[in-house]
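Chains as they are written, first to last, in my numbering: chain Y, 88 to 772; chain S, 14 to 593.
Structure, as structure tokens:
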């Protein structure tokens, strides 16, 4: 050891050992501390790169410190201070003996002897660099421990999409979602393109194919998406990205679930496909085609749909015949390819009534039917019904009367026609006939008209006077015959009688030409009554069960008849126990009661129950708000953070999601002693 | 030193002070405002002397009469009233005189109190029984002056809050679930609001009037499942609907339908009750209500009839019978059943078929019926009559299920809830009486009706449980005790497997309504007591002038003298500078 070199090496080894230990501590401490901070602080994405930078810097410092061994002077100073035996002569010991004065050489030998007797201690090497590195490393470890403690107490869960696994606090925190990408492929029939979005909230068409791609900061097995409808979408991991897909069928809330806990709730709004609508633009809802007019009816319809119209057709019913002999024939007439316009798709077609086999007096009812392109079953929409009538006389009005259940006597109608024919013949012959003959014939026709009017009046119960048949004056027709006609029909018949009366008046005063319009109008009204007979309801037969003639009835024997017993249990509808319990507790907390450790779990349970409630699409927003309000309060309670207004918001959210309780009979309270005494006395005999 | 001597000393000292100060003023070289200065000096010295002497004026007052100042009146109001009524002193219900006994101890001569302000609580008034009383009420504050609501409603039922606003404005009632009702008050300030709370247990609603919000607490009770026995002489659609309605609410239903002579069809839903024939006291004890048609009533044996009557009279069983059965005995109608609309919950329900006979409007069997359902014209179509401890009801409505078929399920619910609730066997209940706006320190009377309990447990808002001992009530099963709340907020009362709630409001809650209640109570009390019939003759009584008058005079005069002196000094300094 007296050898300066070996002494130097001895001390330098001590330095190296110490510095190596300090360097290891430094790197480990810095790495642990940086990682702890990165985990505890939910900051921006590049935090792990910062961790790497910190470790690299620590390594650099360590390597530099290891490479820079202490020089001889440092070693000499240390030995001078720690070894009194050397008598401050270490520098001599380190120097080459050849260059020393005699006294120095003697002193050097003395020092060498002393050193040989007791080798220098390496316990208190004055290495500030090593101490600094060790202190930095220890500080890093302390930071890591503090951060681990903070994470174990629970991070702000609302800020994370993925929950922490509560049973294992030593595990690194929950995986965090770096990026989400959702591909929405609307059903093919909609013609809409596939779209991608980076938001969790979804608003999609019914039947759309959804594919989630979720990037996490680290692999996490067992991740899945859970819908409030009860469906689960498993997520498969491929290349660090989780992906899963589902078909959007019903609106729901959904969340990313890891282990036993779920993250934030998100909304999945599903817009159902709407049925198409179709409107008949032409012809008018009620159209009458007079005799002799062209029997071709142009039809134009406008169809609309939220996506696309497939095809359209007319569903027509042709009625032929009169009275009880009405026959129906159903047809389906396709409407050709439509013309796309900004306001919808227009379809045109001309109906040839002759080709439909329609004759005068027949009617055609039709409605337009449009179909969209929905798959697998197209949506359908239909228009209002359109009526087309072919008049059977030049002057007959279309039928607009319903509910007549009486056969109107046809000979009366013929008689009215006869009156018209007679009047027309009289007018034709009037040029060559003497005036008195004309008067006589006009009077005779007027009498016929009067008779017809009287006979017809029997059906309407009209009160009238007649000079011709005084016996009928002030005679009310029987109630039965008067009420057999529907009110609308009766009104029409009264109108016809009034027209007959006018015609009769003019015929009796020898003005046949003036009478003719009234006669015709009377016929027209009577024809409309005849047309009304179309509105018969098809008869449905009654088939009584076959009789068993061999069986004796009303025998009075009760053999074989036994008392019956039945017993069942009806489940009362399930209440909302989680929400009700959480509401009662939230009310207490809002009133100032101290929180209990079980409270966050109670609120989380209520939030999950709210999320599971099936709601209409329009209500999912309110549902999601309620879930978030309740969870925000649960998180605030768990973390112990003050959250002013959270309790009241949670109370409102919970109460708002309660169903209206069913009304049930509640017994009254017993009567008070006084009331009881009163009732007893009142009831006493 | 006698008072007269002291007064003379003060007067002489004041005079001497004035003379000395006046001489000093006169000696001053500057003789400006001398008259005013001397006057101000006189005023200041006189005011100081008056402060020391405290002079008094003489009024005629009765020593047995005092004004009692309560909230709503100011001290000035009280003085004015004391002057006009000749009262010798003004008392305030404060720490020195907290109640009637303290007033009696402090001023034993007082026999008559003139209460000024909004008066005294009805709980405090009995303490003033020894005093004659007059009341000079103050006008009520603007805002809510009355609000009434039931302490308990049944889940699914609407809470109706009626009240009055002093002034015009809008009132709004809000439940925590977001449902709300609002109204513009009528010309007389009255209003009625209606909300159906969804929460069960204890619902707290907010009543807003203008800028003020008060909390309404109401117990929303979930009744125990009903136990129903249906006796039919033939299968019946309506009976099946009633059976299902009760069963779906957790009720226990037994149906006995006669299918032939001595043959029955028996259905039991949610119950394991044994044989349903014959009716016995034991069997009937297992039901709350018996619903019976006319045929079943007629086919009861004598023993069955007697058991049924006894169960109604003595056990409180409810009975719903056909109108043609006793005790209604409505005559069989010859006209066809009529279709009519009926009034349910204040609104007209769609038409249903009513049985032909009209219910007798007058007494039948000595007791007049209490209507449950009315028709459009206000005649009863369903009513109940008491019989002993129980009730017997009848209804003319033949097809209530028509409401369900027509989509008005709520009407069907309401109809049966009201009908069965009116007659069902009473269940023990808590009654908490403490007025509508109980506050901390005000006694609450807790009564348990129909059951004798030793104690009630009150859960306070802070979670601490208080035990309230109860004493049995005489004459009928029941117990009662007094609870003194100390905290504000909802208190839950439990005992006997039953729960009730009360809400204790803070002193700041319902100020107008509390004032109105106090005013009414005091007015009624004073009207009963009247003024002192033999008051003492009014005697002259010295009333000292307020000392602040003299203080103000002194401050004014001294202030003016100071200002005047300062101005003169300033002027002379200015002259000095000019001369230099």
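All C-beta atoms, glycine included, are put in the ideal place defined by N, C-alpha and C.
Where residue 651(Y) falls, given that 16 or more other Cβ within 10 Å makes a residue buried: If you draw a 10 Å sphere on the C-beta of residue 651(Y), you find fewer than 16 other C-beta atoms in it, and that means exposed.
Just by C-beta distance, which residues in the region 641-654 of chain Y are closer than 8 Å to chain S? Answer in chain order: 645, 648, 649, 650, 651, 652, 653 and 654.
For the region 208-219 of chain S, enumerate the residues whose C-beta is nearer than 9 Å to any C-beta of chain Y, in chain order. For the region 208-219 of chain S, which is checked against every Cβ of chain Y, the residues closer than 9 Å are 209, 210, 211, 212, 213, 214, 215, 216 and 217.
CB-CB length for residue 717(Y) against residue 690(Y), believed under 8 Å: Going by Cβ atoms, the distance from residue 717(Y) to residue 690(Y) rounds to 5 Å, so yes, they are a contact pair.
By the 10 Å Cβ neighbour count, where 16 or more other Cβ atoms means buried, how is residue 383(S) classified, buried or exposed? Counting C-beta atoms within 10 angstroms of its own C-beta, residue 383(S) has fewer than 16 neighbours from the protein chains shown and is therefore classed as exposed.
Determine the DSSP secondary structure at residue 495(Y), reduced to helix, strand or coil. Note that residue 495(Y) scores a pLDDT of 40, beneath 50, so its modelled location is shaky; the value from the coordinates is reported in the next line. Looking at residue 495(Y) - three-state DSSP - the assignment turns out to be coil, as it is neither helix nor strand.
Are the CB atoms of residue 302(S) and residue 437(S) nearer to each other than 9 Å? For residue 302(S) and residue 437(S), yes; Cβs fall inside 9 Å.
Determine the direct distance from the alpha carbon of residue 431(Y) to that of residue 463(Y), and round the result to whole angstroms. Answer to the nearest angstrom: the Cα atoms are 23 Å apart.
What does residue 280(S) reach in chain Y if we use C-beta pairs closer than 7 Å? Contact of residue 280(S) with chain Y by beta-carbon distance below 7 Å involves 653.
Which whole-angstrom value describes the C-beta separation of residue 408(S) and residue 432(S), a residue pair presumed to lie in contact below a C-beta threshold of 8 Å? With a Cβ gap of about 6 Å, residue 408(S) and residue 432(S) count as contacting.
Is the Cβ of residue 711(Y) closer than 9 Å to any Cβ of chain S? Output row for residue 711(Y): interface = no.
Tell me the DSSP bridge mates of residue 179(S)? In the DSSP assignment, residue 179(S) forms a beta bridge with 156(S).
Residue 433(S): contacting residues in chain Y (beta-carbon distance under 7 Å): Residues of chain Y passing the Cβ test: 752.
Which term fits residue 347(Y), buried or exposed, when burial requires 16 or more other beta carbons within 10 angstroms of its beta carbon? Under this definition residue 347(Y) is an exposed residue.
Drop a sphere of 10 angstroms on the beta-carbon of residue 475(S), count the other beta-carbons inside from all chains shown, and report buried for 16 or more, exposed for fewer. That one is exposed.
Complete runs of the alpha helix (DSSP H) confined to the region 556-592 of chain S [at least 4 residues]: Contiguous alpha helix (DSSP H) elements confined to the region 556-592 of chain S occur at 560-592, taking only those with 4 or more residues.
Of all the CB atoms in chain Y, is at least one closer than 9 Å to the CB of residue 491(S)? Taking a beta-carbon distance threshold of 9 Å, residue 491(S) counts as an interface residue toward chain Y.
Residues near residue 472(Y) in its chain [Cβ-Cβ closer than 6 Å; skip 5 each side]: Excluding positions up to five away in sequence, the list reads 452 and 454.
Per DSSP, which one or two residues make a beta bridge with residue 468(Y)? According to DSSP, residue 468(Y) bridges with 457(Y).
With C-beta atoms as the reference, is residue 557(S) less than 9 Å away from residue 16(S)? No, the pair does not count as a contact, with Cβ atoms beyond the cut-off.
Same chain, Cβ closer than 8 Å to residue 66(Y), neighbours up to 5 away in sequence not counted: A query on residue 66(Y) cannot be resolved here, the shown segment of chain Y reaching from 88 to 772 and no further.
Could you run through the region 54-86 of chain S and flag, in chain order, every residue whose CB is less than 8 Å away from some CB of chain Y? Contact annotation: in the region 54-86 of chain S, no residue has its CB less than 8 Å from a CB in chain Y.
Who are the near neighbours of residue 533(Y) in its chain, counting only those whose CB is closer than 7 Å to its CB and skipping five residues on each side? In the same chain as residue 533(Y), and ignoring 5 residues on each side of it, the C-beta atoms closer than 7 Å to its own belong to 591, 594 and 595, in chain order.
To test your reading of the DSSP string, which unbroken beta strand (DSSP E) runs of 3 or more residues are found completely within the region 333-370 of chain Y? Assignment of beta strand (DSSP E) within the region 333-370 of chain Y, counting only whole runs of 3 or more residues, yields 339-345, 348-358 and 364-369 in chain order.
Are at least three pairs of beta-carbons, each pair with one atom in the region 494-502 of chain S and one in the region 697-705 of chain Y, less than 8 Å apart? Because the criterion of three Cβ pairs below 8 Å is not met, the region 494-502 of chain S and the region 697-705 of chain Y do not touch.
Beta strand (DSSP E) containing residue 120(S): first to last residue? Run containing residue 120(S): none; DSSP gives neither H nor E here.
Given a cut-off of 9 Å on the beta-carbon distance, is the pair residue 358(S) and residue 171(S) in contact? The beta carbons of residue 358(S) and residue 171(S) sit closer together than 9 Å.
Same chain only: Cβ atoms within 7 Å of residue 487(Y), ignoring 5 sequence neighbours per side: A caution first: residue 487(Y) carries a pLDDT of 40, below 50, which makes its placement in the model unreliable, though a value can still be read off. The same chain holds no residue with a CB closer than 7 Å to that of residue 487(Y) once the five nearest residues on each side in sequence are set aside.
I think residue 158(S) touches residue 177(S), with their Cβ atoms under 8 Å apart; what is that distance to the nearest whole Å? Confirmed, about 6 Å.
Measure from the alpha carbon of residue 291(S) to the alpha carbon of each residue in 285(S), 283(S) and 277(S), then state which is nearest. It is 277(S).
Which of the residues in the region 410-431 of chain S, read from start to end, lie with their CB under 9 Å from any CB of chain Y? For the region 410-431 of chain S, the beta-carbon criterion of a distance under 9 Å to any beta-carbon of chain Y is satisfied by 423, 426, 427, 429, 430 and 431.
Buried or exposed for residue 168(Y), please, with buried defined as at least 16 other CB atoms from any protein chain shown within 10 angstroms of its CB. So residue 168(Y) ends up on the exposed side.
Assigned secondary structure, residue 663(Y) (DSSP; H/G/I helix, E/B strand, else coil): Residue 663(Y): coil per DSSP, three-state reduction.
Leaving aside the five residues before and after residue 574(S) along the sequence, list all residues of the same chain whose C-beta is less than 6 Å from its C-beta, in chain order. Only 53 meet the Cβ criterion.
Looking only at C-alpha atoms, which of 307(S), 314(S), 252(S) and 318(S) sits nearest to residue 337(S)? Measuring from the Cα of residue 337(S), the nearest candidate turns out to be 307(S).
Look up residue 150(S) in the DSSP assignment and say whether it is helix, strand or coil. In the structure shown, residue 150(S) adopts extended strand secondary structure according to DSSP, grouped into three states.
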